[in-house]
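Residue numbers (this note's numbering): 112 to 911.
Every residue, glycine too, gets a C-beta built ideally from N, C-alpha and C.
Step one of this worksheet: look at the structure below.
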Amino acid sequence: MTIAGSSRLAIVMCCPRILIVLCSLAFGWLVPVVQAETVIGILRDGPQARVMIPLAAIEAEVTKLTAGEFDVRFPTDKQLEGDWTLAGARRVFDRQLADPDIDIVLCLGMLVCHVAGDHPDLTKPVIAPIVVDPELQSFPFEDGASGKRNLVYITNLHSVDDDLRDFAAATNLKKLASLVDQPTIDAFQSFLEQKVAAVEKELGIEIVTIPVGESMAAAAAEIPADTDAVYVSPLFRFDTTDIKQLADALIERKLKSFSMLGVSEVSQGILLSSVGRPEDQLRIARRLALNVQRILLGERPEQIPVFLQESRRLAINMRTAVAIGYAPRYAVLADAEQLFRDELQQGESLALLDAMAEALDANLNLQVAAFDPKLAGEDTRSARAELLPQFELGGAWQKVDPERSFGLLAPEETSDVTFDGTQVLYSDGAWAGYRINQYLKQAEDENYRVAILDTLRAAGLSYLNLLRTLSLENVQRSNLEVTRTNLELARIRESIGFSGRADVLRWEAQIAGDRRSLIDAETSRRQAEDRLNQVINRPQKTLISPTDSSVNASLAFFTQGQFLALIDNEQTWQTMQDFIVQTGLETAPEIRGAEYFISASERQVTAAKRRYWVPDIAAGGQAGYNLDRTPGQGTLPGAALDDNTWQVGVQASLPIFNGGALRADLNKSKYALKQAERRRDAVEQDVETRIRIALEQVANSYAGIELANAAAVASAANLRIVTDSYSNGAVSIITLIDAQNAALGSDLAAAEAKYLYLGDIIEVLRVVGDFSLMLDPQYFNEWFRDVEEFFRQRGVKLVY
Numbered sequence: 112m113t114i115a116g117s118s119r120l121a122i123v124m125c126c127p128r129i130l131i132v133l134c135s136l137a138f139g140w141l142v143p144v145v146q147a148e149t150v151i152g153i154l155r156d157g158p159q160a161r162v163m164i165p166l167a168a169i170e171a172e173v174t175k176l177t178a179g180e181f182d183v184r185f186p187t188d189k190q191l192e193g194d195w196t197l198a199g200a201r202r203v204f205d206r207q208l209a210d211p212d213i214d215i216v217l218c219l220g221m222l223v224c225h226v227a228g229d230h231p232d233l234t235k236p237v238i239a240p241i242v243v244d245p246e247l248q249s250f251p252f253e254d255g256a257s258g259k260r261n262l263v264y265i266t267n268l269h270s271v272d273d274d275l276r277d278f279a280a281a282t283n284l285k286k287l288a289s290l291v292d293q294p295t296i297d298a299f300q301s302f303l304e305q306k307v308a309a310v311e312k313e314l315g316i317e318i319v320t321i322p323v324g325e326s327m328a329a330a331a332a333e334i335p336a337d338t339d340a341v342y343v344s345p346l347f348r349f350d351t352t353d354i355k356q357l358a359d360a361l362i363e364r365k366l367k368s369f370s371m372l373g374v375s376e377v378s379q380g381i382l383l384s385s386v387g388r389p390e391d392q393l394r395i396a397r398r399l400a401l402n403v404q405r406i407l408l409g410e411r412p413e414q415i416p417v418f419l420q421e422s423r424r425l426a427i428n429m430r431t432a433v434a435i436g437y438a439p440r441y442a443v444l445a446d447a448e449q450l451f452r453d454e455l456q457q458g459e460s461l462a463l464l465d466a467m468a469e470a471l472d473a474n475l476n477l478q479v480a481a482f483d484p485k486l487a488g489e490d491t492r493s494a495r496a497e498l499l500p501q502f503e504l505g506g507a508w509q510k511v512d513p514e515r516s517f518g519l520l521a522p523e524e525t526s527d528v529t530f531d532g533t534q535v536l537y538s539d540g541a542w543a544g545y546r547i548n549q550y551l552k553q554a555e556d557e558n559y560r561v562a563i564l565d566t567l568r569a570a571g572l573s574y575l576n577l578l579r580t581l582s583l584e585n586v587q588r589s590n591l592e593v594t595r596t597n598l599e600l601a602r603i604r605e606s607i608g609f610s611g612r613a614d615v616l617r618w619e620a621q622i623a624g625d626r627r628s629l630i631d632a633e634t635s636r637r638q639a640e641d642r643l644n645q646v647i648n649r650p651q652k653t654l655i656s657p658t659d660s661s662v663n664a665s666l667a668f669f670t671q672g673q674f675l676a677l678i679d680n681e682q683t684w685q686t687m688q689d690f691i692v693q694t695g696l697e698t699a700p701e702i703r704g705a706e707y708f709i710s711a712s713e714r715q716v717t718a719a720k721r722r723y724w725v726p727d728i729a730a731g732g733q734a735g736y737n738l739d740r741t742p743g744q745g746t747l748p749g750a751a752l753d754d755n756t757w758q759v760g761v762q763a764s765l766p767i768f769n770g771g772a773l774r775a776d777l778n779k780s781k782y783a784l785k786q787a788e789r790r791r792d793a794v795e796q797d798v799e800t801r802i803r804i805a806l807e808q809v810a811n812s813y814a815g816i817e818l819a820n821a822a823a824v825a826s827a828a829n830l831r832i833v834t835d836s837y838s839n840g841a842v843s844i845i846t847l848i849d850a851q852n853a854a855l856g857s858d859l860a861a862a863e864a865k866y867l868y869l870g871d872i873i874e875v876l877r878v879v880g881d882f883s884l885m886l887d888p889q890y891f892n893e894w895f896r897d898v899e900e901f902f903r904q905r906g907v908k909l910v911y
C-alpha cells in the first residue's frame, strides 16, 4: 500500500457520496461502490489451544455488514502472537501500531487488550473486546465510551463479580480455589489481589489463588484439601483434553466448579457457568463488526459505547452434578440450562400397550380384586356341600366310680367307636343357597372384569398424562426462553433510549413468574411418573420414557378418516352415539353383575315362598362298636351284651308356626328383589349417561385439536410481529406481554389437545366395557361391519 493507514481512512470516510455521484454521471446509472481496502490486524496474547471469539465468526459478521460498501481484509501476515507475557504483548502491539499497512488493530487477548487501554498514544483505531474489569484495569471511561483517542473496547463491567455471585447463590460455597493462568497472574498481580479482596468481603467467602503453570494436573494437585469449590478462569494455553482432565480431577474430589469462559467448558465436565454460549460469541462478533463499520463510516472510536449487556443464565452439567452429589435447588434448576438432563432422566422406554399389559400382571389393586371371585367360589362350594352326604366318625372312653357301676348295665369302664351318616333327600333352602351362591360368584366375576377395565383405564390415562405433562413442561420451558429473549430486548431498548428501566424490571418479574410455572410443570410431570409407577407396580421414582409413537400406533384407528367420519357431522354422530350406547348396554360388566344379583334375589323369593309348603327331608343312620368293657359289681353269671349297634331313619320337617318369621323373610326377599331391580335400572342409566358424556367429550376434544393448533399458529405469528414491533419501539411492553401470554395459552392447549382426545377415547372404551378396538387390531373390521349394519338399519348413509 502507498497510502498511510490514517490517510486512507480519512479518504474512505470523506469520499463515498462523491464517488457515487461521479459513477452515476459517468455511466448514467447507480452502481454499488466499494471503498478502498481496509486492513485489520489481529493480536493475540500467545499461541492458543482454544479461542474465546473465533476469528472466522468475526470475519463473517464484518463481511456481512460492510459488503458492497467497504473492502475489509484480515491478512494472515497481519496476525501476530505474543509470548504470554505483558512485555511480549507490548512488543506485538507496538509493531502493529507502527505498521502503515494496518488500518485497525483488533486485540483478541486479555494481555493485548490491557496494553491497548494502557498505551499513551494510539495512532490508529484499536478495538479491545476482552476487558474483565475496566475500573481495576484503569481503562478510560467517559459518558459510556472510552473517551481516549482511537480506543473502543467492550466490557460488561462485572463479569467476574457476577460469576462468583452466581456460583455462591447456586452452591453456598465457603472456601474457593481460583485457578488462574500463570501469565495472567504475572501481568495482573495487583489487579487480582484487589479483585479477590473485594469479592471475599462482599460474599463472605475465602479465596485462594492457584497458579496454573505448564501442567494442569500439578495445578489441580495444589488445591487445598478443605476447598469446597473451584473457579476456573480462562486457560487458553490448554486444549479441551486438558480441561476434560481437570474436570475429571475435580469430580474425583467431589469439588463444585465454575467456568469463567463459559458453557463450552461445562460440556467438558465443569459443573457450572453463566456465559459463553455460541449465541454470546455471535453477539460479540456482531458488536465487533458494528464497531468496525462505525469507524469506517467516520465515527470516532473514543465515542463508541463500550458497554455490552451480557446475557447471563446458569448452565449445569447434570452428569457432573450427579457424580459429585450436587443437588441444585428447584429454583436454581428452573432457570438453568441443564446439560445432559435428558440423558440422565432417560428411563426405560415403555410403550402404551406394554404399560397396560404390565398393569394387568402387576397392579396391586387388581391382585386384591382377584381374590373376590375365588372367595365367592369357595362360598359356592360350601353351599353345595350341604346337598352331599355327611359322614362323621366318633370315639368315646368312659370310666365311672366302681361303687356306682353295676354289671353290664353300668360297666365300670368302656371304650366305643361310632359312625354317623346323613343325606339331604330334598331341601329347597339348601338348593336355593347353592344356586344363590352361584349367581353371586358370577356377579363377582363381573366385578373382577370391572376391576380389569379400571386397571386398563388407569394405565392408559396415566401413560397419556405423563406424555401430556412432558409436553406442557416443554412448552413452559420454551416460554421461559421467550421471556429471556424479551428481557434482552428490553435491555437493548433501555440502552438506546426506547424505554426505561421499568421495562427491564417488568421482564425480570415475568421471568420469576415463568420460572414458577416451569417448577409447577416439572412437579406435575413427576407426579404423573409416580402415578404410572403405582399403576404398573414399579418402585416409585423409577424413570420411564413414554413414547409418542406407541400411542400413535395403539390409537391410530381413532385418528383415521374411517373413524373420524363417524363423529364429524351431527347426523352420523347421533347415530354413532346410539350404536355405542346399545353396544355398551350389552357388554358393560356393571349391568351383567346387577342382573346376577336380580337372579339371586329371585331365587331367594322362590325359596321363601316354598318354605310354607315344601318340607325338608333327610335320611340318616348310625353304627357303633364296643372296643372294650369292664363290667361293674354284681355281674350276673353268663350275662353278655352285643358289641355292635346300629340304627337308620328318615326325617321330614315343615314349619307350622314360628311367630311370623316366614312372612318377614318373604317380605324381605321381595324387597331385596325390587331393590336389585332398581339397582340394575340405576346402573343401566348410569352406564348410558357415562357413555353419552364420554362421547360428547370425545367430540369436543376432537374439535379442540384442530382449533388449538390453529390458535397456536396464529398466536405464534402474532407474537413474532409484536416482538419485532417492540424491538423497534413501536409497541409497549403490555402489548408484548399480552401477545406472549396468548401464545403461551395457545401452545399449552395445542400441546395437550391430542392427549386429551385420546384420553377421552380410553374413557369411552372403559365405560362401554371393551378395549378390543385398542388391544386387538383384528377386531377393527368386525366392529366396523357392525357399525355399518347399524347405520343401514337406521337409514343413515356413511361417507368415508
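Along the chain, where does the alpha helix (DSSP H) containing residue i start, and where does it finish?
i           : result
residue 222 : 221-229
residue 431 : 429-435
residue 835 : 772-838
residue 485 : 482-496
residue 463 : 463-473
Does DSSP put residue i in a helix, in a strand, or in coil?
i           : result
residue 417 : coil
residue 195 : coil
residue 609 : coil
residue 135 : Per-residue confidence for residue 135 stands at a pLDDT of 38, beneath the threshold of 50, marking its modelled position as unreliable; no derived number is given.
residue 389 : helix
residue 376 : helix
residue 891 : helix
residue 677 : coil
residue 256 : strand
residue 724 : coil
residue 903 : helix
residue 142 : Because the pLDDT at residue 142 is just 36, under 50, the model does not fix this residue reliably, and the point stays unresolved.
Thinking just about the alpha-carbon of each residue, which of the options is nearest to the one in residue i?
i           : options            : result
residue 271 : 314, 708, 349, 512 : 314
residue 537 : 531, 545, 610      : 545
residue 358 : 345, 348, 377, 344 : 377
residue 771 : 723, 728, 740, 784 : 723
residue 614 : 438, 629, 442, 840 : 840
residue 906 : 683, 442, 892      : 683
residue 403 : 901, 237, 561      : 237
residue 379 : 525, 405, 370      : 370
residue 452 : 466, 431, 525      : 431
residue 804 : 776, 831, 792, 874 : 874
Report yes if the CB atom of residue i is closer than 7 Å to the CB atom of residue j, and no otherwise.
i           : j           : result
residue 263 : residue 156 : no
residue 570 : residue 699 : no
residue 708 : residue 872 : no
residue 72  : residue 705 : With the chain running from 112 to 911 in the structure shown, residue 72 is simply not present.
residue 340 : residue 287 : yes
residue 584 : residue 636 : yes
residue 255 : residue 389 : no
residue 639 : residue 576 : yes
residue 810 : residue 854 : no
Quick check on the DSSP output: the beta strand (DSSP E) that includes residue i runs from which residue to which?
i           : result
residue 238 : 237-239
residue 262 : 262-264
residue 913 : The structure shown does not extend to residue 913, since the chain spans only 112 to 911, so no value can be given for it.
residue 292 : 286-292
residue 505 : 501-510
residue 525 : 524-537
Give a yes or no on contact between the region 417-428 and the region 460-475, applying the rule of three or more CB pairs nearer than 8 Å.
no
Check whether the region 708-720 touches the region 779-790, taking contact to mean three or more Cβ pairs, one atom from each stretch, closer than 8 Å.
yes
Could you say if the region 293-305 and the region 193-207 meet the contact criterion of at least three C-beta pairs nearer than 8 Å?
yes
Pair every Cβ in the region 682-689 with every Cβ in the region 504-511, then say whether three or more of these pairs are closer than 8 Å.
no
I'd like to know if the region 171-178 and the region 353-368 are in contact, where contact means that at least 3 CB-CB pairs between them fall below 8 Å.
no
Specify whether the region 522-535 and the region 554-561 touch according to this definition: at least 3 beta carbon pairs, one from each stretch, less than 8 Å apart.
no
Say whether the region 817-824 touches the region 861-878, bearing in mind that this needs 3 or more beta-carbon pairs closer than 8 Å, one atom from each stretch.
yes
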